[in-house]
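Notes to accompany the following structure.
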Amino acid sequence: MLKRTDSQITTPVPMRSFRTLIVDEDQSARDGLADVLGDRHEIEIIGECADGAEAKQVISAEDPDLVFMEVEMPRVTGFDVMDGLSETHRPLVVFTSSYRDFAVEAFEFEALDYIQKPFDPERIQKTLDRLAKRLTNGIATEVAKENIGTLFQNK
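When you line the sequence shown up against my numbering, it's residues 994 to 1148, in that order.
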């Protein structure tokens, strides 16, 4: 039987938790999404907002990593919220709606995803898989940039 020494044992690095904000004027929609996301180890729900004006304030103050945002809200839409944020306070966003009509515009805001209500746990899992893939690709890109920079410094 082969035994591993301590130097051969590796501990997996835990995936970081995404500070997540839920924005929807409908309390039952917020509750449903919070129920689906609440058991996910990679999601930390930092708050909920009932309208776009409140969402702008909370995003600026709390700087979440991820926002699930309803498109259609009174006075300030989800698109208005994203349009009004500076690049430094623009989190990843998953737009939500009861209609498919806004999907094209959602991706013009570089949305991570667009989910139609009612929320399906399997569909949300696909969104979280997309989030993990984007994170992995981002880390790989940063490592590649560092390695290229090191190569040029050593010449």
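Beta carbons: idealized from backbone N, C-alpha and C, even for Gly.
Owing to the predicted nature of the structure, the values given are computational and were not obtained by experimental measurement.
Asked	Found
6 Å CB neighbourhood of Ile-1117 in its chain, flanking five on each side removed	Val-1029
Option nearest Phe-1072 by Cα separation, candidates Gly-1040, Phe-1100, Thr-1120, Gln-1109	Phe-1100
Host alpha helix (DSSP H) of Ser-1021 (start-end)	1020–1031
Close Cβ partners of Gly-1077 (< 7 Å) along its chain, the five nearest in sequence each way excluded	Lys-1049
Among Glu-1080, Pro-1111, Leu-1128, nearest to Ser-1091 - alpha-carbon criterion	Pro-1111
Three-state class that DSSP yields for Leu-1062 in the structure shown	It is worth fixing the name first, because residue 1062 is Met in this sequence and not Leu. Reduced to three states, the DSSP call for Met-1062 is strand.
Residue burial classification, Arg-1068 (beta-carbon count within 10 angstroms, cutoff 16)	exposed
Where Ala-1125 falls, given that 16 or more other Cβ within 10 Å makes a residue buried	exposed
Classification of Gly-1031 by the beta-carbon crowding that lies within 10 angstroms, buried from 16 upward	exposed
Own chain residues within Cβ distance below 7 Å of Arg-1023, not counting five before or after	Ile-1015, Asp-1017, Glu-1041
Same chain, Cβ closer than 7 Å to Thr-1070, neighbours up to 5 away in sequence not counted	Gly-1045, Val-1064
Closest by C-alpha distance to Glu-1055, when choosing among Glu-1098, His-1082, His-1034, Phe-1061	His-1082
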